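A quick write-up on the structure given underneath.
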Amino acid sequence: MPPSPPADGSEVTAALLRKWPLPKHDDGDGKRGRGQVLVVGGSRVTGGAVLLAATGALRAGAGKVQVVTTATVAPPLMTAVPEALVVGLPETDDGAIDAGHVGEVERHIAEADAVLVGTGALDRDSTAEILAHVLKLVGDDALVVIDAIATQAIPDHEDAIRRLGGRAVAIPNDGEWTDLGFGEPAARIAPEARRLGATLACRGDVTWLAGPAHGPFRHPGGGVGLATSGSGDVAAGVIAGLAARGADGLTAALWGVHVHAQAGRRLAARVAEVGFLARELLAEIPGELQAASTATG
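Read left to right, the sequence shown gives residues 0 to 296 (numbering that gives the first Met the number 0).
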């Protein structure tokens with residue numbers, strides 16, 4: 000197990016990541032050996048979010064990805080992400096997943112190695128109910144990544160999160176963190192992570208991270224170009240993909256935040272400081288993972 004970092008906020012660098020290596024995969028591992036991600040999210044008007052997250056999980060090396068979204072979004076998503084199994088559930092009048100039908104995908108939840116909840120969701124009540132189902136049904140070794148509006152349901156599900164024993168990763172942006180009322184992230188992220196028994200990452204121009212027993216960590220960010228629609232969806236998918244491959248929650252979050260930022264910096268250098276698209280980050284992820292894995296500096 001890596002040593003506990005100093006309490007002043009160790010900066011996330013390639014050198015630090017070498018102390019928290021990703022799982023290695025043998026040639027004979029096959030798709031299932033690299034893990035299965037389930038993305039549960041989207042709405043009638045935000046199908047692109049789950050597209051970006053699902054593709055991000057694959058670009059992070061997950062072997063399989065499945066998506067549960069609304070019935071309206073499912074058909075075009077099947078074509079847009081042919082690598083994914085896509086399930087469309089009935090939707091509410093407002094275009095959200097009807098949480099009353101989540102039991103229909105119980106098998107998909109139970110079989111996943113990582114479940115990403117909340118990406119692209121817009122209805123707080125529906126998403127909170129979906130999160131409750133996932134926390135109850137997820138497999139004994141699987142991780143749950145809580146994203147976007149789903150993070151706002153954390154106070155209602157703290158006991159269920161603790162019962163996962165460190166297998167929850169919550170990744171609110173800085174606005175969502177503020178809404179949770181946890182306080183200044185630099186000071187509070189490590190105590191809150193210990194209290195919840197979960198990995199937390201407060202994402203912003205500077206990202207603060209901590210796990211149940213390690214942290215805080217500080218990542219300086221990837222530049223202003225990452226402040227664009229869909230960028231966070233890519234990051235969420237990458238973190239879920241790394242978790243499915245077998246990384247623990249903190250390792251997945253550290254690596255996911257770092258390679259997402261590095262992808263942004265690479266595009267800023269090649270395209271422009273601003274104006275590159277979130278979808279363009281996706282093709283950069285495998286190379287940035289490889290670069291961080293082999294860095295010697």
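Glycine included, each C-beta is placed from N, C-alpha and C at the ideal position. Remember, predicted model here, so these are calculated numbers, not experimental data.
Rounded separation between residue i and residue j - CA only
i: R17; j: S292; result: 7 Å
i: P211; j: D93; result: 37 Å
i: Q65; j: H257; result: 25 Å
i: A83; j: R193; result: 35 Å
i: Q284; j: T54; result: In the sequence as presented, Gln is not what sits at residue 284; that position holds Ile. The alpha-carbon atoms of I284 and T54 are separated by roughly 10 Å.
i: L134; j: D204; result: 30 Å
i: V101; j: W19; result: 35 Å
Start-to-end residues for the beta strand (DSSP E) that takes in residue i
i: K63; result: K63 to T69
i: A35; result: Before going on, a small fix: residue 35 reads as Gln here, not Ala. Per DSSP, Q35 belongs to the beta strand (DSSP E) from Q35 to V39.
i: R217; result: F216 to H218
i: I170; result: A167 to I170
For residue i, three-class secondary structure by DSSP
i: H259; result: helix
i: A59; result: coil
i: L121; result: coil
i: S230; result: helix
i: T91; result: coil
i: V273; result: coil
Host alpha helix (DSSP H) of residue i (start-end)
i: L142; result: Careful: L142 lies outside any alpha helix (DSSP H), inside the beta strand (DSSP E) at L142 to D146.
i: H107; result: E105 to E110
i: T293; result: I284 to T293
Exposure of residue i, with buried meaning 16 or more beta-carbon neighbours within 10 Å
i: G117; result: buried
i: V114; result: buried
i: R31; result: exposed
i: T198; result: buried
i: T45; result: buried
i: S228; result: exposed
i: T78; result: exposed
i: P81; result: exposed
Cβ-based neighbour list, residue i, same chain, cut-off 6 Å, excluding 5 preceding and 5 following
i: L179; result: none
Proximal residues to residue i (C-beta, below 8 Å), its chain only, five neighbours per side dropped
i: A13; result: H257, A290, A291, A294 and G296
i: A277; result: L51, T227, S228, G229, S230, D232 and V233
Cutoff 7 Å; reference residue i; Cβ partners in own chain excluding five residues on either side
i: T206; result: A200, H218, G220 and V256
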